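To keep things clear, I will list the structure first and then write my remarks on it.
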Amino acid sequence: MSGPRYAVPFRRRREGKTDFRSRRKMLYSGKPRFVVRKSLCYVWAQVTVTGKNGDEILVSAHSKELSNYGWKGSFSNTPASYLTGYLCGLRANKLGISDAILDMGLYDVVKGSKIFACLKGFADGDVDIPFDESIVPSEDRISGQHIVTYYEGLDEEERAKRFSKYIKNDVVVNDLPDLFSKTKKEIGEKER
80 MSGPRYAVPF RRRREGKTDF RSRRKMLYSG KPRFVVRKSL CYVWAQVTVT GKNGDEILVS
140 AHSKELSNYG WKGSFSNTPA SYLTGYLCGL RANKLGISDA ILDMGLYDVV KGSKIFACLK
200 GFADGDVDIP FDESIVPSED RISGQHIVTY YEGLDEEERA KRFSKYIKND VVVNDLPDLF
260 SKTKKEIGEK ER
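Using our numbering, read the sequence shown as starting at 80 and increasing by one per residue.
Written as structure tokens, this is what we have:
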């Protein structure tokens with residue numbers, strides 16, 4: 080016999096984009112998938128279904144949209160992830176999507192991560208999605224209280240360096256939990 084003794088993985092697996100084994104399991108469930116993706120600057124949340132011509136996006140939310148609801152903080156931290164999931168959940172509920180399953184892609188499962196903050200926000204948007212409460216971040220982390228605690232522990236020079244974007248946008252870091260509450264209320268009023 081001649082030829083190689085190895086099999087070349089699918090292109091998307093080689094590129095580190097798709098885990099086909101977990102994708103197949105999700106597709107067999109027949110439920111819509113709640114897809115969360117993140118970068119260093121933003122968070123995306125989508126509800127997708129698989130059709131004959133590939134995946135179809137039913138509803139989506141991007142953390143940059145939070146500025147339309149009064150959010151002036153970072154678009155990639157834990158509170159922004161929660162609010163993005165909450166926005167996507169309300170939009171999905173408005174379309175009549177009552178349940179979904181989480182599609183994490185190739186991200187590792189890390190307790191309290193931004194992905195699970197987004198998942199908690201999606202569930203708070205009145206969509207039934209299975210998850211264990213012990214894996215989501217605490218309420219203090221979701222509201223941004225941990226950012227305030229970190230900020231208060233820095234000296235003035237470090238604050239100016241690490242929180243320059245907040246200072247530029249006239250955000251008082253100590254008021255971040257209040258800003259979170261106002262933004263969540265604004266999203267709830269506009270999207271319901």
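All C-beta atoms in this analysis are idealised placements derived from N, C-alpha and C, irrespective of residue type, glycine included. Values in this document were obtained by computation on a predicted structure and should not be read as measured data.
* Jot down the residue ranges of each uninterrupted beta strand (DSSP E) in the region 92-173, minimum 3 residues, whole runs only, in chain order. => Listed in chain order, the complete beta strand (DSSP E) runs (minimum 3 residues) inside the region 92-173 are 112-117, 122-130, 133-141.
* Might you give, ordered along the chain, the residues of its own chain that have their beta carbon closer than 8 Å to the beta carbon of S260, omitting 5 neighbours on each side? => Walking along the sequence shown from the start, residue 260 turns up at place 181. By the criterion of a C-beta distance shorter than 8 Å, S260 is surrounded in its chain by S222, once the five residues flanking it on both sides are discounted.
* To do: Have a look at S176 and V206 and give me their C-alpha separation to the nearest angstrom.
  => The sequence position of residue 176 within the sequence shown is 97, counting from 1. The sequence position of residue 206 within the sequence shown is 127, counting from 1. According to the sequence displayed, residue 176 carries Ile and not Ser. Rounded to whole angstroms, I176 to V206 spans 7 Å at the Cα level.
* Asked: Hey, quick one: how far does the beta strand (DSSP E) through L181 stretch, first residue to last?
  -> Within the sequence shown, the letter at position 102 stands for residue 181. Residues 180-182.
* Asked: Which residues share a DSSP beta bridge with D207?
  -> As a first step, residue 207 is located in the sequence shown; it is residue number 128 there, counting from the start. According to DSSP, D207 bridges with D178.
* Using alpha carbons as the reference points, say which of A171, V250, K199 lies closest to V138. => The sequence position of residue 138 within the sequence shown is 59, counting from 1. Per the Cα distances, A171.
* Could you pull out every residue in the same chain whose Cβ sits closer than 7 Å to the Cβ of F242, ignoring the five residues on either side in sequence? => Here residue 242 refers to the residue found at position 163 when the sequence shown is read from its first residue. If we look at F242 and ignore the five residues flanking it on each side, its Cβ neighbours are Y230, V252.
* Sequence-distant residues of the same chain with beta carbon closer than 7 Å to D219, five excluded per side -> For this step, residue 219 is matched to residue 140 along the sequence shown. H225.
* Asked: How is E244 classed by DSSP in three states: helix, strand or coil?
  -> As a working note, residue 244 is residue 165 in the sequence shown. With the sequence shown as reference, residue 244 is identified as Lys, and Glu is not the correct amino acid for it. Three-state DSSP puts K244 in a helix.
* Does the beta carbon of Y165 sit closer than 9 Å to a beta carbon anywhere in chain B? -> In summary, chain B is missing from the structure at hand, where a single protein chain is found.
* **8 Å contact criterion, which S155 and C197 should meet: CB distance rounded** => Counted from its first residue, the sequence shown places residue 155 at position 76. Counted from its first residue, the sequence shown places residue 197 at position 118. Not really, about 11 Å apart at Cβ, beyond 8 Å.
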